[in-house]
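Data first, discussion second: the structure below is written as C-alpha cells.
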Amino acid sequence: MEFINTYLPYILAGISVGGQYALIAIGYTMVYGILRLINFAHGDIFMAAGFMMVYLSASMPLYISIPLVIILTVILGFLVERIAYRPLRTAPRMSIMISAIGVSYLLQNCAWYLTSGLPKQYPKIPWISASVSIGASTTTVVTLITPILTIVLIVALVLLIKHTKIGMAMRAVSRDFETSQCMGIKINSVIGITFIIGSFLAAIGSLLYFTNYSTVTPISGAMPGLKAFVAAVFGGIGSVPGAVVGAFLIGICENILKIKELDMTTFSDAFTFALLIIILIAKPTGLFGEKITDKV
Amino acid sequence: MDKKIKIIIYAALLVALFALLFILEQILPSYSMLFTVLKKGAIYALVAVSMNLLNGFTGLFSLGQAGFMLIGAYTYGIFTIPTEARSAVYQYFDGGIINFTVPVVVALVMAGVAAAIFAYIIGLPVLRLKSDYLAIATLGFAEIIRAVFQWKTLGPVTNGSNLLRLYPTFKSVLFPFAVSGICIAIIVLLINSSYGRAFKAIRDDEIAAEAMGINLAKHKRLAFTISSFFAGVGGALLAMYQTTIQASAFKSAMTYEILLIVVIGGLGSVTGSCISSFLFIAASEWWLRFLDETTYIGSFKVPLLNPGFRKVVFSIIIMIVVLFYRRGIMGNKEFSLDPIAKQFKKRFRRRKEVVGSNEQ
Amino acid sequence: MSSNIMLQVENVTMQFGGVIAVDNLSIDVYEDEIVALIGPNGAGKTTTFNCITGVYEPTNGCIKYRGEVIVSNYPQGKMKKQYLGKNNGLYSKVINPTPDQITILGIARTFQNIRLFKNLSVFENVLIAKHLRAKQNVFTATFRLNYREERRMREECMALLEEQSLLNLKDAPAGSLPYGLQRRLEISRALATDPKLLLLDEPAAGMNPQETQELAEFIRQIKEKYKLTILLIEHHMDLVMQISERIYVQDFGKLIATGTPEEIQKNQRVIDAYLGVAEDAFA
C-alpha cells in the first residue's frame with residue numbers, strides 16, 4: 007500500500023501527460039500518413055493555443071474563450087497548411103520539411119515578440135483544476151479527465167476515419183496520393199480537413215496540458231511536440247491507435263524516471279529519444295506500421 | 186582560363202582578404218558590430234558547410250549538428266582550461282578529474298576527433314534509416330548528448346549543468362577565419378575528389394550508386410563522420426567565441442538555424458553556405474537590430490518596433506526564401522570568377538572589334 | 126560455344142509474402158555468349174536480375190559466378206512456414222552480398238527505368254563507376270595524393286566517352302540528354318566498372334525499329350570490344366532473335382522453355398504464353 011501511495015502520483019501524472027501527448031501525436035501521425043511530412047510546426051500550434059487561451063481568458067469568460075481558442079487554433083493550423091505547405095506540394099520532400107521548420111521558427115518568434123519572452127500564467131479553469139485525493143495522494147481533476155477524454159475523442163476519430171466518406175478519402179489518399187487524385191478525390195480538401203482535425207485535437211491537448219503545467223512560454227510547444235512525434239513513430243506512423251499507445255507509454259515512462267529515488271530526472275527527456283532510436287533500429291515501421299518497399 | 190593563373194588569382198584574393206581583415210582590425214574599434222558578424226559568420230560558415238556536406242552533397246537529412254558541436258565545444262573546453270583555473274571552474278566538483286591542458290590547436294583537432302568518433306559509433310545503426318526517420322533519429326541523439334553532458338555523475342569531467350569558462354579564446358578575427366578557411370578548403374577538396382563524386386551519386390540515386398559498386402553503408406558513414414568532425418571543430422570555435430560553454434545552449438533550435446542557413450545558401454553549394462551564413466548573422470545580429478528598439482520620430486512612436494520584432498521579421502524573410510526562392514542564393518552552383526572573367530573578355534573583344542571596324 | 130561457365134542461377138525462388146515472383150528458376154550463361162531472358166510482363170524477369178545483383182535476397186536457391194557461389198539462401202524465420210516453393214532444404218548456406226559487392230566481382234547492370242545520376246554531368250556519371258577499382262582512400266583522395274590514379278580514371282573515361290561518341294556532351298547534365306543517349310550513357314557507365322558479365326534490363330524499351338537496329342549493332346560491338354558475356358531482358362523479339370545465341374523464357378516466375386532462337390520461335394508453350402490460351406485448351 008505504501009508502495010502505491012508513493013508511486014501512484016507518478017503513474018497518474020504519466021497517464022495524464024500520455025493522454026495529452028496522444029492528442030498531439032494524432033496531428034503528427036495523420037499528417038505524416040497523408041503528406042509524408044513531419045509537421046515540425048505542430049508543437050508550436052499547440053503552444054499558440056496555450057497563448058490564445060492566456061490572452062482571451064483575460065478579457066472574456068471561459069465559456070466563450072475556450073470554444074474561441076479551439077476555433078482559432080483550427081484556423082491557424084489550416085492557414086499554416088494553406089500558406090506554407092500547399093505551394094510546395096510538388097517540391098522535394100526535404101523542401102517541405104524545411105518549410106515546416108521555418109513555420110515553427112516563425113511561430114516561436116512571434117510568440118516571443120508578443121510576450122517579450124516572459125512565461126505567462128495559464129488561467130485556472132474551474133472544476134478541472136480542482137484537486138481530488140485518491141487514497142493518500144492528491145491530484146487534480148484534469149489528471150483523471152485527460153485519459154477519459156482522450157479515449158472518447160480517439161474512438162470518435164477512428165469511427166470518423168472508418169465509417170464516413172471523408173474518412174474513406176483520407177485512407178485512400180494516405181495509401182496512394184496520385185491514384186486517389188485520379189479517382190476524383192479533392193486532395194486539398196482532404197489535407198485541409200486533416201490539418202483541421204489535428205489542430206482541433208492539439209487545442210484540446212493544450213487546454214489539458216497547460217492546466218497541469220500552469221505556465222506557457224514560446225518554446226513550451228517544442229518538447230511536447232517532439233515527444234508526441236516520437237509517440238507517433240513508436241506506434242507506427244500513420245496509425246492512429248499506434249500513436250495513442252505510444253503516447254501513453256512515453257508519458258508513463260518519462261514520469262517514472264522522475265521518481266526521486268531513481269535520480270534520473272535529467273534523462274526524462276533523453277529517454278524518449280533513446281526509445282525512439284531503439285524502435286527505429288529494431289522495427290523502423292513502429293508497432294502497428296506497414297512495411298513500404300522501394301521498387302527497383 | 187588557365188588553371189595556374191586561376192590558382193594565382195584565387196590565392197591573391199585570399200591574401201587580400203586577410204590583409205583587409207588585418208587593416209580593419211587596426212582602424213575600427215574592437216567592439217564594432219562588424220567583428221561580431223565576421224567572427225560568428227566564419228564559425229557558422231564552417232558548421233553550415235559541414236552540414237551541407239551531408240544534406241546537400243550526400244543527401245542524408247541529418248539534424249544532429251548541434252549535438253556534434255556540443256561534443257566539440259566540451260572537448261575543447263575540458264582540455265584547455267588552465268590547471269590553476271580548474272578549481273574555480275569546477276567548484277562543485279573539487280576541480281574536476283582532468284589535470285592537464287593541451288595546446289589550443291591540438292584541442293581543436295581533439296574536438297573534431299571526439300565528435301567524429303561519436304558519429305562513427307552512432308552512424309552504424311542510424312544511417313540505415315531513410316530520410317525523415319534519419320532526421321528525427323539524429324535530432325534525438327543530439328538531445329540525448331545534451332542530457333548526458335548535463336548529468337551530475339559526469340560532473341567531474343563536464344561540470345554538470347554549470348558553465349565551463351576561463352579557457353583560452355581568441356581576440357582577432359583572423360583566427361576563426363584561418364581555422365574555418367582551412368577546414369572549408371579541406372571539405373571542398375573532399376567534395377571534388379573521387380569520394381565526393383561517390384557522395385553525390387548516393388544523393389542522386391542510391392540504387393544506381395550501389396550498382397556502380399559504391400558501398401552505401403561505408404560511404405554514408407564516411408560522410409557522416411567527416412561532417413561531424415568539422416561540426417566538432419566549429420563547436421570548439423563557437424565556444425572560443427562565446428567564452429563560456431553550457432550544454433543547454435546547444436538546442437535543436439541551433440540545428441534548425443544552421444539548416445536554414447544551408448537552405449538559404451543553396452543545398453549543394455559551399456560558397457552559398459558561406460555567403461548565407463554571413464548574411465544570416467549580419468541580418469540577425471546587426472542590420473535588423475533597429476527593429477528591436479523602441480523608436481520615436483519626434484513624439485510619434487513607431488509602431489511594432491519592440492524587443493523581439495527583429496526575429497519576427499527575420500523569420501518572415503526566411504519563410505519567403507523557403508517558399509519562393511527554393512533554390513536559395515546559389516542553387517547548387519558555386520561562386521566562381523569564370524563568368525566574370527568571360528564577361529571581361531567579351532567586353533574587351535567587342536571594344537577591339539569596334540576599334541577594328543573603325544579603322545576600315 | 127566456349128565451355129567456360131560464367132553464371133549459374135540454380136533453383137532460385139523469390140517469394141514476396143504469399144506471392145512467388147521467381148519460381149525455381151535455373152539459368153546457365155557461358156562465357157562469350159549473349160543470352161536473352163524473355164517472357165510476358167510480370168513474369169519475374171527483373172526480379173531475377175535483382176536476385177543476381179544483390180538488390181533482393183532470394184528466398185531459396187543459389188547463384189554461382191565462374192563456379193563460385195556468390196549468392197545463396199534458404200527460407201528462414203517467418204518464411205520457413207510461409208514458403209511455397211520447391212527444393213526446401215536443399216541449401217543451407219546464407220550468402221547475401223550487397224549490390225556493390227556483386228559489381229566488384231565483375232557483374233554490371235542497367236535498369237529498366239533508366240537510373241542515371243541526373244544532376245551530374247555525363248563525364249561524372251562515368252567517372253563515378255571508376256571509383257570502385259581505384260587504389261585510394263579518403264585521405265589520399267582528399268589531398269590529391271592519388272593524382273596518378275585520378276588521372277588514369279579520367280583518361281579512361283575520356284576514352285570510353287570518345288568511343289561511345291558521347292564526348293561532345295561530357296559536361297551536359299545527364300538528365301538533359303535525349304532518351305536514346307541516356308540509354309547509351311547508362312550502358313557506358315556500366316562498362317566503366319570493367320565488367321565481365323553485363324546484365325541489360327530492357328535496353329530497347331521505348332525505341333523505334335531503327336533505333337533498335339542500331340542498338341543490336343551496338344551491343345554486338347561492345348561485346349567484342351570488351352570481351353563481355355551478356356544476359357539481357359527484352360521485349361523486342363526482333364532484337365532478341367537477332368543477337369542472342371540462346372533464349373530462356375520465363376512465365377509466372379517459372380522457366381517454360383529454353384533453346385536457340387529458332388527453337389523458341391516454334392515452341393508451342395512460348396506461343397501460348399505470349400498469345401494466351403483459351404481456358405478449355407487445358408481441359
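Residue numbers (our numbering), protein chains in the order written: chain A, 7 to 302; chain B, 186 to 545; chain C, 126 to 408.
Every residue gets a Cβ at the ideal spot worked out from N, C-alpha and C, and that includes glycine.
For residue 235 of chain B, there is no enclosing beta strand (DSSP E); the enclosing alpha helix (DSSP H) has its first and last residue at 218 to 237. For residue 212 of chain A, the closest alpha carbon among the candidates A:290, A:118, A:107 and A:52 is that of A:52.
Per DSSP, the unbroken beta strand (DSSP E) holding residue 379 of chain C starts and ends at 379 to 384.
The segment 126 to 135 of chain A makes contact with the segment 54 to 74 of chain A; the number of CB pairs closer than 8 Å reaches 3 or more.
One alpha carbon belongs to residue 301 of chain C, the other to residue 246 of chain C, and they sit about 9 Å apart. In the three-state reduction of the DSSP assignment, residue 97 of chain A falls in the coil class, being assigned neither a helical nor a strand state. With fewer than 16 other Cβ atoms inside 10 Å of its own Cβ, residue 531 of chain B counts as exposed.
Looking only at B:497, B:524 and B:463, the smallest Cα-Cα distance to residue 475 of chain B is reached by B:497. Residues of the segment 481 to 495 of chain B that bring their beta carbon within less than 8 Å of a beta carbon in chain A comprise 491, 492, 493 and 494, in sequence order.
Boundaries of the alpha helix (DSSP H) harbouring residue 425 of chain B: 401 to 427, taken from the DSSP string. When DSSP assignments are scanned along the segment 265 to 323 of chain B, the uninterrupted stretches of alpha helix (DSSP H) that are 4 or more residues long and fall wholly within it turn out to be 271 to 274 and 289 to 311.
Spatial neighbours of residue 458 of chain B in its own chain (CB-CB distance under 6 Å, excluding positions within 5 residues in sequence) are listed in chain order as 233, 234, 237, 447 and 450. A residue is called buried once 16 or more other Cβ atoms fall within 10 Å of its Cβ, and residue 195 of chain B, having fewer, is exposed. For residue 149 of chain C, there is no enclosing alpha helix (DSSP H); the residue is found in the beta strand (DSSP E) stretching over 144 to 155.
Burial state of residue 285 of chain B is exposed, judged by a 10 Å Cβ sphere holding fewer than 16 other Cβ atoms. Nearest to residue 180 of chain C by C-alpha distance, out of C:227, C:151 and C:306, is C:227.
The Cβ atoms of residue 159 of chain C and residue 321 of chain C lie no closer than 9 Å to each other. Note on geometry: alpha-carbon atoms of residue 344 of chain B and residue 258 of chain B lie some 13 Å from one another. At a beta-carbon threshold of 7 Å, the residues of chain C lying near residue 395 of chain B are 223, 224 and 225, ordered along the chain. When DSSP states are grouped into helix, strand and coil, residue 225 of chain C belongs to the helix group. Look at residue 373 of chain C here: in three-state DSSP terms it is strand.
The criterion of a C-beta distance shorter than 9 Å is not satisfied by residue 360 of chain C and residue 311 of chain C. For residue 300 of chain B, the closest Cβ of chain C is not nearer than 9 Å. Going by DSSP, residue 242 of chain C is part of no beta strand (DSSP E) at all; its letter is neither H nor E.
It is roughly 5 Å from the alpha-carbon of residue 350 of chain B to the alpha-carbon of residue 429 of chain B.
An exposed status is given to residue 64 of chain A, since fewer than 16 other beta-carbon atoms sit within 10 Å of its beta-carbon. Shown in chain order are the members of the segment 494 to 516 of chain B whose Cβ falls below 8 Å from a Cβ of chain A: 494, 496, 497, 499, 500, 501, 503, 504, 507, 508 and 511. Put simply, the CB of residue 371 of chain B is near chain C, with a gap under 9 Å to one of its CB atoms. Counting only runs of 3 or more residues that sit fully inside the segment 311 to 339 of chain C, the beta strand (DSSP E) segments are 322 to 326, in chain order. Measuring C-alpha to C-alpha distances from residue 285 of chain A to each of A:266, A:171, A:173 and A:236 identifies A:236 as the nearest. Using a 10 angstroms sphere on the CB of residue 276 of chain B, the tally of other CB atoms stays under 16, which defines it as exposed. For the options B:378, B:438 and B:385, the alpha carbon positioned closest to that of residue 276 of chain C is the one of B:378. For residue 247 of chain C, none of the residues of chain B pass the 7 Å Cβ criterion, the least Cβ distance being about 13 Å.
The C-beta of residue 139 of chain C comes no closer than 9 Å to any C-beta of chain B.
Look at the segment 10 to 39 of chain A: it has no residue with a C-beta under 7 Å from a C-beta of chain B. Residue 520 of chain B sits in coil when the DSSP states are folded into three classes, being neither helix nor strand.
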